[in-house]
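Chains as they are written, first to last, in our numbering: chain A, 4 to 152; chain B, 4 to 152.
We put the beta carbon where it would ideally sit given N, CA and C, even for glycine.
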DNA sequence: CTGTATCCGACGTGATACTG
DNA sequence: CAGTATCACGTCGGATACAG
């Protein structure tokens, strides 16, 4: 029973930002449920998002323009940068400021909310960095005894 | 039949745990790259994973058996629980203990590494919980001014 | 420069059936 | 009970072309 969303419309796959970004099914059991858990999950999914954290980290220092970020990241496509920024904007984590000049200029900047999120995310990132050897070692060990046991 | 997909190639889609769980492309630019960034990203992707965090949180209190967890989560399929647990095991975050009884019994338990990860994850979760209203408000506001101006 | 629209392959996820 | 195998299907994400 995959939740019936509002309406499964014609697969608007373009640059719109409609999905909740994670489809949390029906967690009905005992303790790990409720709307709270669902809301938390949707935030966590943003953290796990391929680009969002990277974008947030880049914006900590100072606001940036679209192509500045695109260049800094390097591997990202225009489409995904747009989608990522729209998602962050929708969640109130970044602001989008358009300067009606020619050529157009758009600045993206972290909100206070976004800066707040950056803190626990950085803590997590630091943990990941510090324990990187253990995790990679565990992976190799697992793959070895499991791949050619 | 709008999109006949005859190209359905036989992927190894079963319960193997091969991918690095995130496919970080070629980040070659200036500062947000290198193997470090890649490793951190793979950990973050696990946090963003649909079920991993939920499983970790459940295991904090005490070890659990396969079907105990399945029942507690409720919405998860057997396959995804298996895949999630295998991924966590591969990363050295949980241990898998088989008791060769009949019927078989398998306990899953957090490692020290897993318990360590739980801390920053909980901090992040708490942030998400506390700021849930702001995020949801921002989403509604965004959708309103963007969906029906 | 800053996007938006579209095509298409790859991957994630659930449902189901089967095994030890 | 604890998985594994297979299939179906939706979504993600890159490449490309086009627009303001």
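In this structure, what does DSSP give as the bridge partners for residue i?
i	result
residue 112/B	98/B
residue 68/B	110/B
Select from the options the residue whose C-alpha is nearest the C-alpha of residue i.
i	options	result
residue 133/A	20/B, 43/B, 19/B	43/B
residue 86/A	52/A, 41/A, 141/A	52/A
residue 95/A	135/B, 96/B, 83/B	135/B
residue 40/A	76/B, 70/B, 107/B	76/B
residue 131/B	63/A, 64/A, 119/A	119/A
residue 115/A	73/A, 20/A, 62/A	62/A
residue 18/A	105/A, 117/A, 84/A	84/A
residue 137/A	109/B, 150/B, 97/B, 105/B	97/B
residue 65/A	150/A, 117/A, 144/A	117/A
Between the alpha carbons of residue i and residue j, how many angstroms are there, rounded?
i	j	result
residue 111/A	residue 60/A	12 Å
residue 148/B	residue 38/A	24 Å
residue 107/B	residue 122/B	32 Å
residue 140/B	residue 142/A	40 Å
residue 102/A	residue 71/A	16 Å
residue 79/A	residue 67/A	16 Å
residue 100/B	residue 146/B	48 Å
residue 105/A	residue 73/A	20 Å
residue 20/A	residue 69/B	36 Å
residue 113/B	residue 109/A	46 Å
residue 150/A	residue 82/B	20 Å
residue 144/B	residue 144/A	48 Å
Quick check: is any heavy atom of the ligand MG less than 7 Å from the C-beta of residue i?
i	result
residue 48/B	Among the ligands in the structure shown, none appear at all, so the ligand MG cannot be discussed.
Practice prompt. Determine, using beta-carbon pairs with one atom in the segment 122-137 of chain A and one in the segment 84-92 of chain A, whether at least three such pairs fall under 8 Å.
Written response: no
Practice prompt. Would you check if there are 3 or more beta carbon pairs closer than 8 Å linking the segment 46-57 of chain A to the segment 43-59 of chain B?
Written response: yes
Worksheet entry | Sequence ranges, alpha helix (DSSP H) only - wholly within the segment 40-88 of chain B, length at least 4 | 55-64, 69-76
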